[in-house]
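The numbering of the sequence shown is my numbering, which starts it at 1 and goes up by one.
Yeah, the Cβ is synthetic: ideal placement off N, Cα and C, and Gly gets one too.
A quick note: this is a predicted structure, and the numbers were derived from the prediction, not measured.
Notes follow the structure.
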Amino acid sequence: MEWVSLRRCLVAGGLCLVATSTTLSSQTFDVAQGGPSDAVQTAQRPGQMPTLPLTQLDERAISPDLDNRVFTLSLAQPVQIREVLLMLVRGTSLSIVPDPAAAGSFIGELKNVTVRQALALILPPLGLDYSVDGTFVRVFRREAETRLFDVNYIATERTSTATVGRPTADGGVTAASVSSATRTDLFADLARGVQSLLSERATFNVDRKAGLLQVTDFPERLDRVAVYLDAVQDRVHRQAQIDARVIEVELNDEKASGIDWTIVAAQLNGEQPGGARPAVHPSLTGLRVTDISRLLALLATQGKVVVVANPRLLTLNNEPAIVRTEALTFSVTPQIADSSAVTLSLSPIVRAPAVAEADLLARVADGETLVISGFTRDRETRERKTVGVTGGGWFGRTTVVTRKRVELVVLLTPTIVSGTGTR
């Protein structure tokens, strides 16, 4: 309820009216009565003169009726938008100027809202918007805007395919096989993502060569596109450096099936080999370690360690990188999460002397090393030696064949270099 008190004053022989008002608490509109159900009341005090008609307001006393005036609007039947707008500003210092093209009707109930909140709720579904210039509120049809967005990414489509399965004599593969394919086309993915955020009246165009996205739609829709593109570019520009080590371990025990990873895991945890051992098995799922030097030293206790290759890869998020050596070929694709964890998709293939393949997914922390093992084979070495019999007997040469068990181990250490704010 708004209380208005008036006082008269003489200025240069004339009469002026000055109005002061307190803060309005609430007002209710009822369509059936055609106006406010509780009319503005004036304060009457004993001994005061009756209130005179209000003809002029002191500008310093005008309150921001757009935000501080709370009311309830209840419309049980559809009412033309022009009439609704007049209801909203009735009893305020605001003036409403609707566009001639403004059309539509409103039905509903708004409780304890300000004029600004009511405008924001009523106008957008009717395709209308408003602007404020002092005490003038202009209502007009919403028009679409056009914005240009940068897409800083290479305009190529990359395809990576990995098939795991040993070939058979008839040209097929064994029944146990795994196939994975990666197709990267950022611009096509962006087009689909942006289209789902736009209105039916929107238009957009993707310029691959210029790296631009042009979108025409309403401002709030364009804001959604901007948020989406920021999130996409933050993720696609993340980079990981992958230090890959391919090592061979020629086992001291030629009868061993492979590296005893149970012992290695126990020693990495500071446990004695004879004590309780963690459940770690020599499989392709691998270990996760943080001290590579200590791991190599522990492997050296079981055999001769030789580094076959030590490439360093730098790749973008969800982009494959390929490493080829004489003994091993593998493709690795990193997926960098906000938590600085890296999921690696790995497809190693050992070529000689027999083909051994695998395909796996593993999740490691930033800077942690993934150990992939299980590629074992037998190696024969032939050495010519001179033999003879003492006491004036004969001398001769013979070939000594030595068989060694060799296991191939891959160490992958991803390090996030950009994109998550951790470096």
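- With fewer than 16 neighbouring CB atoms inside 10 Å of its own CB, V401 falls in the exposed class.
- Boundaries of the beta strand (DSSP E) harbouring A362: 360 to 365, taken from the DSSP string.
- Between I416 and D338, the CB-CB gap reaches or exceeds 7 Å.
- If you draw a straight line from the Cα of L360 to the Cα of A341, it comes to about 17 Å.
- Counting other Cβ atoms within 10 Å of its Cβ, V306 stays below 16 and is therefore classed as exposed.
- Pairing P311 with A244 gives a Cβ-Cβ distance under 7 Å.
- The alpha-carbon of L212 is positioned some 55 Å away from that of E250.
- Excluding its 5 nearest sequence neighbours in each direction, D291 has C-beta neighbours in its own chain below 8 Å: L268, listed in chain order.
- When the Cα atoms are used, T343 and F71 turn out to be separated by approximately 55 Å.
- Rounded to whole angstroms, the gap between the alpha carbons of R201 and Q233 is 26 Å.
- Positions of the beta strand (DSSP E) runs, each at least 3 residues long and wholly inside the region 108 to 141, are given as 128 to 133, 136 to 141 in order along the chain.
- The alpha carbon of N68 has as its nearest neighbour, out of A76, V113, L198, L411, the alpha carbon of V113.
- Comparing C-alpha distances from V79 to each of S95, A103, T92 shows the shortest one belongs to A103.
- R379 and N152 have their alpha carbons spaced roughly 50 Å apart.
- In the three-state reduction of the DSSP assignment, G303 falls in the strand class.
- Counting only residues of its own chain and dropping the five nearest sequence neighbours on each side, V236 has a CB closer than 8 Å to the CB of Y153, L186, L316, N317, N318.
- By the neighbour-count criterion, in which a residue is buried when 16 or more other Cβ atoms sit within 10 angstroms of its Cβ, T413 is buried.
- Per the DSSP secondary-structure output, Q233 pairs with nothing in a beta bridge.
- CA-CA distance, V225 to P219, rounds to 10 Å.
- V132 is not a Cβ neighbour of D99, given a cutoff of 7 Å.
- Of the residues A101, R90, I263, R403, the one whose Cα lies closest to the Cα of D253 is R403.
- Contiguous alpha helix (DSSP H) elements confined to the region 241 to 273 occur at 261 to 268, taking only those with 4 or more residues.
- The C-beta of D189 has fewer than 16 other C-beta atoms within 10 Å across all chains shown, which makes the residue exposed.
- Looking at the DSSP output, T369 shares a beta bridge with V289.
- In the three-state reduction of the DSSP assignment, I81 falls in the helix class, which pools H, G and I.
- Between V371 and L313, the gap from beta carbon to beta carbon reaches 7 Å or more.
- In terms of Cα proximity to L295, the closest of V409, E83, P125 is V409.
- Out of T381, E383, L411, the CA that lies nearest to the CA of V332 is found in L411.
- Closest in alpha carbon position to R116, among L126, V406, L66, is L66.
- Taking a C-beta distance under 7 Å as the contact criterion, S199 and R221 qualify as a contact pair.
- T381 and V355 have their C-alpha atoms some 20 Å from each other.
- With contacts defined as CB atoms closer than 7 Å, V194 and L328 fail to qualify as a contacting pair.
- Residues of the same chain with a CB within less than 8 Å of the CB of R363, apart from the 5 flanking positions on each side, are A341, V342, T343, L344 in chain order.
- Excluding residues up to 5 positions away in sequence, F136, V137, R138, V139 lie with their Cβ nearer than 8 Å to the Cβ of V97 in the same chain.
- In the DSSP assignment, N205 falls within the beta strand (DSSP E) that extends over 203 to 207.
- Straight across, the Cα-Cα distance linking I107 with E83 is about 12 Å.
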